[in-house]
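Residue numbers (this note's numbering): 3 to 849.
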């Protein structure tokens, strides 16, 4: 990037030198064979199809596709050639930051003008066909265009020329641009020609945004005697109307060519934004003696108009109509899908004044955990805080849907539907009986009875310690659930518990119990939301297009690094069929290193949704988090779980956020393996092993541990646990003994962890990102980057985000119990027998 910047800067300097040293006699620029000018458009910031004639590099910055019709009408006394119409179509291409477009100019010079120097022929008309392309990289772009002329007259016919443009936007307040037009200096067989010209310019945005922009430019026309044309542009956003633009230029200002002339232009572009596109209508006037002495005082005769149909929305203008939006959830969002949904809801709250209501159509559980649903509840409250109404619509709902919808203004249910909920439950699977029948013996050493993750393999039911822990955790979830739903349904928690205990409910029973407000079919939702708002509104699917950027895009932003799934040594992957996501230490460490070294990242949000795994993987990630936190803020956002190894990786962070119902803590280690000698005996298989030392095959699954090896394992577990305590004590700035008091494998909710100083704040991803922006002094409009990258080029082409998110696809195809069974068996199926594990027992309090 730095090299490209230096090269482009050198190009600008070279152009300046040419301007200073060229000869001093030439023809008047307004008499040149040219395409229709784009008055008031900056060669640095213009990001629509006008870039085809202003600066082709800017095609790469286009937000989306655009069709534009431009026209200039001049009085017949005008002495310039550029009267006529132009049609243009341009769009950005998928996969790469590339934009391209076509433009056709129909130039019809004024009949009475003095065009003798051009000698176009009897009718004087000519046409230009322009094709351009631009390629962007970070905050710079390079582009090129080719244009060819057509005419019935000989001189303007068949001229083919090339143009080259460069745009640099190093800061939000300043941008640079350079364009070399007609750089091949084309000639045709009858003497028609085009002179080279060079534009360079500076765009200044004193407020840092497009609200006010001043452009300072100069054009060098490299004719037989070169002359130059300084030009100033001004663009101002005018609230609900659109954008005011104007320009002033003077050709040959020091009269070296003895042909000084000036031109001014002013126009107002009105913008009308709909949900899926926008229309721009512009009108203005051109004036000045540069268009002819007689015509200069008749601004009312010299009119410019434009009409554009765009597949993006302007940040200014009139937004119509006021409407309600439908968001339908048919599949439980994955980890990244959850973040995408949250960001969509936040954007509606902050940036969509014409959306008066949001209808959430829930056809499945809206989150994989209660913590995930808490974040969605926060988004619903945020919508309401910003003046939006929220209506929930259910069909066959469970506790998760009930929990989310209790935050809405109104909840309706399909009259044939119901609420399949009568209270929370937790399920734990135990495999010892199965392993005994198979002849497999699980052998584990753990730091404490609270570290219950090995129990499913060594017991047929929970130990008394684990049972108490399980019950307490379930009670914590139930308290949070009851408080939230009761407050939203205007009940006392005890009232809610009494009513829920009578479930499940058909639709009429759910209404009688106060769990929903009424019934409605899908086709009645528009009337229902209109009734809720007190006025008629349209209910539209969420097919909104984005808005044009208000800044050059140079602001530093926040990076979200995902630590999702069972933590393993090596690379991240997904286990086929069952869709278990494995978070590889190398993959996560490399992502942290990337954001640490990226100057455009000002802060990092480490999004953890992991019950842990390999202790070594946790330590590798811990190290990268620690190094990164020394250079820029690292804010942890705990999702459904950030426990054991997941908590280990979090502790060096600058600040830790947890949802009240996040599963966290579980500070502890266990170690073990499966002994399959019994199974092999049943199959008639025997194993002979030769070793050079007694412990050479201690980790082998073909024999049990000896007493000596078990003692050594216990020592190793103590050592790993002591290191775990040290990492937490260092990160949380407390003593080892205080960490041990809340450690030894104990599992806590986020609310409990906050009370025990294991986390810093209760809050979700929204609060974590806001804190990251604030502590790093980052603007609200700064970008959000997501790593590690998951979407392939196929996914980008098809518009599918996260095509590698195999867990979400597999879970939708498997019964929940089967997926849970596969997850529970992970210690045997995923980890080698010699791997110390910092992993939580699978928690199955289902929303």
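The C-beta atom is built at its ideal place from N, Cα and C for all residues, glycine as well. Since this is a predicted model, take the numbers as computed values, not measurements.
Secondary structure note for residue 792: it is in no alpha helix (DSSP H), with a DSSP letter that is neither H nor E. A direct Cα-to-Cα measurement between residue 702 and residue 508 gives close to 55 Å.
With 16 or more other CB atoms across the displayed protein chains lying within 10 angstroms of its CB, residue 64 is buried. Look at residue 58 here: in three-state DSSP terms it is helix. Membership of residue 715 in the alpha helix (DSSP H) is indicated by the continuous run 709–734. Three or more Cβ pairs closer than 8 Å define a contact, and the stretch 66–86 falls short of that threshold against the stretch 243–251. In the DSSP assignment, residue 576 falls within the beta strand (DSSP E) that extends over 575–577. Residue 94 places its beta carbon less than 9 Å from that of residue 66. In the DSSP annotation of this structure, residue 232 is not part of any alpha helix (DSSP H); the continuous beta strand (DSSP E) holding it starts and ends at 229–240. Checking the DSSP bridge columns, you'll see residue 200 partnered with 182 and 222.
DSSP places residue 402 inside the alpha helix (DSSP H), whose first and last residues are 401–407. The shortest CA-to-CA distance from residue 656 to any of 611, 776, 726 and 709 is the one to 776.
The C-beta of residue 378 has 16 or more other C-beta atoms within 10 Å across all chains shown, which makes the residue buried. About 3 Å separates the CB atoms of residue 674 and residue 446; that is less than 8 Å, so the two are in contact. Three or more pairs of CB atoms, one per stretch, sit closer than 8 Å, so the stretch 672–689 contacts the stretch 701–719.
For residue 405, the closest of 268, 490, 350 and 586 by C-alpha to C-alpha distance is 490.
For residue 448 against residue 672, the beta-carbon gap comes to about 4 Å, under 8 Å, which counts as contact. If you draw a straight line from the Cα of residue 288 to the Cα of residue 73, it comes to about 12 Å.
A straight line joining the alpha-carbon of residue 735 with that of residue 403 spans about 39 Å. Here residue 187 is exposed: its Cβ has fewer than 16 other Cβ atoms, across all protein chains shown, within 10 Å. Per DSSP, the unbroken beta strand (DSSP E) holding residue 102 starts and ends at 100–109. Inter-segment contact for the stretch 683–694 and the stretch 458–467 is absent: fewer than three beta-carbon pairs are separated by less than 8 Å. DSSP assignment within the stretch 580–610 yields the following whole beta strand (DSSP E) runs of 3 residues or more, N-terminal first: 582–586.
Distance from the CA of residue 847 to the CA of residue 755, rounded to the nearest whole angstrom, comes to 18 Å.
Within the same chain, and ignoring the five residues on either side of residue 478 in sequence, the residues whose Cβ sits closer than 6 Å to its Cβ are 751. Within the stretch 332–404, the complete beta strand (DSSP E) runs of at least 3 residues fall at 357–364 and 391–399. Taking the CA atoms as reference points, residue 275 sits about 21 Å from residue 783. Looking at the backbone, the Cα of residue 45 and that of residue 101 are separated by about 16 Å. Judged by beta-carbon spacing, residue 168 lies beyond the 9 Å limit of residue 134, meaning their Cβ atoms are not closer than that value. In this model, residue 36 and residue 127 are separated by some 12 Å (Cα to Cα). Residue state for residue 307 is assigned as strand, using DSSP reduced to three classes. When the beta-carbon positions are compared, residue 210 and residue 157 stay at least 9 Å from each other. Rounded to whole angstroms, the Cβ separation of residue 641 and residue 571 is 23 Å, and the two are not in contact under 8 Å.
In this structure the stretch 200–214 lies against the stretch 551–565, because at least three pairs of beta carbons, one per stretch, are closer than 8 Å. Put simply, the stretch 334–341 does not touch the stretch 296–316. Fewer than three CB pairs are less than 8 Å apart. Assignment of residue 324 by DSSP, reduced to helix, strand and coil, places it in the coil class.
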